[in-house]
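Undergrad:
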Amino acid sequence: MGWSAREVAVAAGIVFAAAVPIGGAIMMVNYANREQISAELEASGNANSYSNRANMAKEDRCLPLATSARAECEAKEDDAARQARHDEYDLAAQRATAIWTRYMGFAAIFGTAFGMLGIVLVLATFRANKRSADAAQDANRPWLHLDIKPGALTISADQVTVNFSLTATNSGKSPAVHVVAFSRLLILSEDEDFPIYIARDTALAVFKHWEGGMVEFGRTVFPDKPESLDSTAFSENGAVAAARGHAKPPNLYLVVGLRYRFLGQQRCTVEAHSLALLDKELRDLKTQANLNERAYILVDHPNTYIT
């Protein structure tokens, strides 16, 4: 399989990031070597020049002296000349050390900078590959969608029960296994907003509980082969009593979720529908009733959460 333009660009960047520090290091070594040779030649020239001057000075100072004094004079002059030549070569060695230290510092900074560039490119390659893998998985994974049809509804002394039929459709390319449905009727006061995360957190808490305490179970939903389920949603304990304590009728929300698995990963689809009772006199939930499937409707577009 051929490489994409992104992969070619990243590979070229990695090669560049590896080659430039090597080339830069070679250039730094070459410059340092040239400066070291120049310093050594300068030191050698200065030492020879000083030796010539010292020999001339020795003749001028020592030749006029007597034989015994001349030998001592020449020895002192030779010692001074040797010390001067030593100082010149020592200075050249110090310059060479400074030259190599400077250029190696440049090379280290240069190499570190491009090394970091190489790391960035490797990370970019990793992220690009991960995105490609995620995209391939998303293209082949199951995607479950819900279709809900209202059923009967019961208002009792302490609970509201909603029956409905649920159809799960898989629009993906792989079967969804261990499909389990969850439903809950949420009763909120008129002043409370209903963001989708309430439905999401409610469903995920139940899914997590199932994950920790039960073996795998549930149906398998194949692509383009809808599965029908009858389900019932119950209100939470105390919700009806709390709603009856308010002057205004509460808002009802039907939360329905499907948990399923794909390649060992848990996925879910959660929808939240606004539920409206057709009989206005029942909306405050203060009257007990047992109604048929025409007792309520699901209004508005559902809030949907899919993983």
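Here my numbering is used: position 31 in the sequence shown is 31, and no number is missing along the way.
Every residue gets a Cβ at the ideal spot worked out from N, C-alpha and C, and that includes glycine.
In this text, all values refer to a predicted model and were calculated from it rather than measured experimentally.
Quick check on T311: buried or exposed, where buried means 16 or more other Cβ atoms within 10 Å of its Cβ?
TA: Residue numbering for the chain in the displayed model covers 1 to 307; residue 311 lies beyond these limits and cannot be assessed.
Undergrad: How big is the Cα-Cα spacing for S228 and V180?
TA: Approximately 12 Å, taken between the alpha carbons.
Undergrad: If we ignore side chains and look at the alpha-carbon of each, how far apart do A157 and A243 end up?
TA: Computed Cα separation, rounded: 12 Å.
Undergrad: Indicate whether the contact test is met: 3 or more Cβ pairs, each with one atom in the region 217-228 and one in the region 275-283, closer than 8 Å.
TA: Output reads no: the region 275-283 does not touch the region 217-228.
Undergrad: Can you tell me which of the three DSSP states L263 falls into?
TA: In this structure, L263 counts as coil in the three-state DSSP scheme.
Undergrad: Whole angstroms are fine: how far does the CA of N303 sit from the CA of R127?
TA: Rounded to whole angstroms, R127 to N303 spans 31 Å at the Cα level.
Undergrad: Say whether the region 233-251 touches the region 167-176, bearing in mind that this needs 3 or more beta-carbon pairs closer than 8 Å, one atom from each stretch.
TA: Result no; under three Cβ-Cβ pairs closer than 8 Å.
Undergrad: Between which two residues does the beta strand (DSSP E) containing R184 stretch?
TA: Start and end: A176 to L188.
Undergrad: Which residue from K130, A69, V255 and F217 puts its Cα closest to that of L146?
TA: Of the candidates K130, A69, V255 and F217, the one whose C-alpha sits nearest the C-alpha of L146 is V255.
Undergrad: Spatial neighbours of Q159 within its chain, please: CB distance less than 7 Å, with the 5 preceding and 5 following residues excluded, ordered by chain position.
TA: So the qualifying residues of the chain are F234, S235 and V240.
Undergrad: Leaving out five residues before and five after A152 in sequence, what residues of the same chain have Cβ atoms less than 6 Å from its Cβ?
TA: Result list for A152: N163, N292 and E293, in chain order.
Undergrad: From W311 to L258, what distance separates their C-alpha atoms?
TA: This structure gives no information on residue 311, because the portion of the chain shown stretches from 1 to 307.
Undergrad: A203: buried (16+ other C-beta within 10 angstroms of its C-beta) or exposed?
TA: Result: buried.
Undergrad: If R200 and V270 are in contact, beta carbons under 8 Å, what's the gap, nearest whole angstrom?
TA: About 5 Å separates the two Cβ atoms, so the contact holds.
Undergrad: With H, G and I counted as helix, E and B as strand and the rest as coil, what does DSSP make of Y286?
TA: Position check: residue 286 holds Lys in this sequence, whereas Tyr was assumed. Coil at K286, not helix or strand.
Undergrad: Of all the options V177, R131 and E190, which has the alpha carbon lying nearest to the alpha carbon of A247?
TA: Considering only alpha carbons, the answer is E190.
Undergrad: P340: which of L185, G238, F217 and Y260 sits nearest, CA to CA?
TA: The displayed coordinates of the chain run from 1 to 307. Any statement about residue 340 would go beyond what the structure contains.
Undergrad: Taking DSSP as the reference, what is the three-state secondary structure of E271?
TA: Note: E271 maps to strand in three-state DSSP.
Undergrad: Residues in the same chain with beta-carbon distance under 8 Å from R141, minus the five sequence neighbours each way, listed in chain order, please.
TA: Within the same chain, R141 has close Cβ partners G172, K173, S174, F262, L263 and R267.
Undergrad: Within this structure, are the beta carbons of F207 and F182 separated by less than 9 Å?
TA: Yes, the Cβ-Cβ distance between F207 and F182 is below 9 Å.
Undergrad: Work out the CA separation of S231 and L166 for me, nearest whole Å.
TA: Computed Cα separation, rounded: 7 Å.
Undergrad: Per DSSP, what kind of secondary structure is D224 in: helix, strand or coil?
TA: Correct three-state label for D224: coil.
Undergrad: Under a three-way DSSP split, which group does K149 fall into?
TA: Strand.
Undergrad: Distance, Cα to Cα, R131 vs L123?
TA: Computed Cα separation, rounded: 12 Å.
Undergrad: What did DSSP end up calling Y296 once you bin it into helix, strand or coil?
TA: Looking at Y296 - three-state DSSP - the assignment turns out to be strand.
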